[in-house]
Amino acid sequence: INAEYGGIQAMDSEDRSTQTINGLNCPVLSVTVYNDRAEVTRDVQTFLPAGITEISITDFSSRLDEQSVRVSGGIGNATVLEVSYHKKFRTAEEERISKPQKQKLKELDEVIVNKQEEASRYQKELSWLASLSKSLASPTESKSEKSSTYLATMEPD
Numbered sequence: 017i018n019a020e021y022g023g024i025q026a027m028d029s030e031d032r033s034t035q036t037i038n039g040l041n042c043p044v045l046s047v048t049v050y051n052d053r054a055e056v057t058r059d060v061q062t063f064l065p066a067g068i069t070e071i072s073i074t075d076f077s078s079r080l081d082e083q084s085v086r087v088s089g090g091i092g093n094a095t096v097l098e099v100s101y102h103k104k105f106r107t108a109e110e111e112r113i114s115k116p117q118k119q120k121l122k123e124l125d126e127v128i129v130n131k132q133e134e135a136s137r138y139q140k141e142l143s144w145l146a147s148l149s150k151s152l153a154s155p156t157e158s159k160s161e162k163s164s165t166y167l168a169t170m171e172p173d
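Start counting the sequence shown at 17; every next residue gets the next number (the numbering used here).
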């Protein structure tokens, strides 16, 4: 991310600074699970000195969709000049993840699985409600039979 702060874009290399932020240390604000992906929103905070600052945010998932990276500004007079994504291939030594990071990944994987199961339940309920609305138009079975059918479909697998 290249950002300009202070309203004047500095072209002197002396006015340029760089910052590296570990993405795993940035708190997760929200997680939205879809059928084919998950959207994770993180809060990245930093101080920008006057001039141009290049910010590198590291340690995101290797499965990150490079077209999905979005940046929004916070407070102040900062302007985002460019957002780019570069995949860095790690060495075997860099692949070693600390125990707290592994635990955090495991917890997030569990959240994703739980949300996918919840989405599946909602999809079943939506499907049943659609079929119920059609069947209400044709009174071939009683309302209590329809309710029994609904309850049977909502039992955990």
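The beta carbon of each residue, even a glycine, is placed where N, CA and C say it ideally should be.
Identify which residue in GLU126, LEU148, ALA153 and ALA94 has its Cα closest to the Cα of LEU64. In the sequence shown, residue 64 corresponds to position 48, counting from 1. The shortest C-alpha separation from LEU64 is found at ALA94.
Can you tell which of VAL127, SER77 and SER147 has its C-alpha closest to the C-alpha of GLY39? As a working mapping, residue 39 is identified with position 23 in the sequence shown. Of the listed residues, the one whose Cα sits closest to GLY39 is SER77.
Using the C-alpha atoms, what's the distance from TYR138 back to LEU45? Start at 1 with the first residue of the sequence shown, and residue 45 comes out as number 29. Start at 1 with the first residue of the sequence shown, and residue 138 comes out as number 122. If you take the alpha carbons of LEU45 and TYR138, they lie about 23 Å apart.
Give me whichever residues DSSP pairs with ARG58 in a beta bridge. Against the sequence shown, residue 58 aligns to sequence position 42. Answer is VAL44.
Which residues in the same chain have their Cβ closer than 7 Å to the Cβ of THR62, if we skip the five residues on either side of it in sequence? On the sequence shown, residue 62 is found 46 positions in, with the first residue counted as 1. Cβ neighbours of THR62 beyond the five flanking positions: GLN35, ILE37 and ILE71.
According to the Cβ coordinates, are VAL96 and VAL85 closer than 7 Å? As a working note, residue 96 is residue 80 in the sequence shown. As a working note, residue 85 is residue 69 in the sequence shown. In this structure, VAL85 does not lie closer than 7 Å to VAL96 by Cβ.
Leaving out five residues before and five after GLY89 in sequence, what residues of the same chain have Cβ atoms less than 7 Å from its Cβ? Here residue 89 refers to the residue found at position 73 of the sequence shown. Within the same chain, GLY89 has close Cβ partners VAL96.
Mapping the DSSP letters down to three states, classify VAL127 as helix, strand or coil. Stepping through the sequence shown from its first residue, residue 127 is reached at position 111. VAL127: helix per DSSP, three-state reduction.
Could you check the C-alpha separation between TYR101 and ASP75 for me, to the nearest Å? Counted from its first residue, the sequence shown places residue 101 at position 85. Counted from its first residue, the sequence shown places residue 75 at position 59. Approximately 12 Å between the Cα atoms of the pair.
contact_flag[the segment 126 to 134, the segment 49 to 56] where n(CB pairs < 8 Å) is 3 or more: yes
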